[in-house]
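*Asks:* For reference, the structure I am asking about is given below.
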Ligand SMILES: [Zn+2]
C-alpha cells in the first residue's frame with residue numbers, strides 16, 4: 002500500500018494523510034487512536050512509511066516541548 006501525504010498550511014511539521022479509500026484528509030492523531038479512517042472505516046496497514054508518519058509528529062512535539070524550553074531557560078537537566 003502506498004500512502005499519499007499532503008502538507009497543511011497550519012504547520013510545516015504536520016502532514017495530512019490522504020485516505021486511500023475515501024480521499025478524506027486525516028490527521029496523524031486520527032490514525033494513532035484507531036488505525037482506521039474515521040470517515041469510511043478503512044483499516045490502515047501500518048508499514049514502514051506509515052510508521053514514520055505516525056511517530057514523527059510525536060517526536061517533534063516532544064523535542065519542542067521538552068528540550069527547547071529547557072534550552073531557552075538555561076535549565077538543561079543532566
Ligand atoms: Zn476513508
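Numbering (our numbering), first residue to last: 2 to 79.
Glycine is no exception: its CB is placed at the ideal position from the N, C-alpha and C atoms.
Determine the extent of the beta strand (DSSP E) in which residue 16 is found, giving its start and end residues.
*Replies:* Taking the chain shown and counting its residues from 1, the one referred to as residue 16 is at position 15. Note, residue 16: beta strand (DSSP E), 16-19.
*Asks:* Determine the closest residue to residue 48 out of 40, 26, 36, with distance taken between C-alpha atoms.
*Replies:* By one-based count along the chain shown, residue 48 stands at place 47. Among 40, 26, 36, the Cα nearest to that of residue 48 belongs to 36.
*Asks:* Mark residue 31 as exposed unless 16 or more other C-beta atoms lie within 10 angstroms of its C-beta, in which case mark it buried.
*Replies:* Your numbering for residue 31 matches position 30 in the chain shown. With 16 or more other Cβ atoms within 10 Å, it is buried.
*Asks:* What do you reckon, is the C-beta of residue 43 under 8 Å from a heavy atom of ligand 1?
*Replies:* Locating residue 43 in the chain shown gives position 42, where the first residue counts as 1. Residue 43: yes, Cβ under 8 Å from ligand 1.
*Asks:* Nearest-angstrom Cα distance between residue 43 and residue 68?
*Replies:* Along the chain shown, read from residue 1 onward, the residue named residue 43 stands at position 42. Along the chain shown, read from residue 1 onward, the residue named residue 68 stands at position 67. So the alpha carbons of these two residues sit roughly 36 Å apart.
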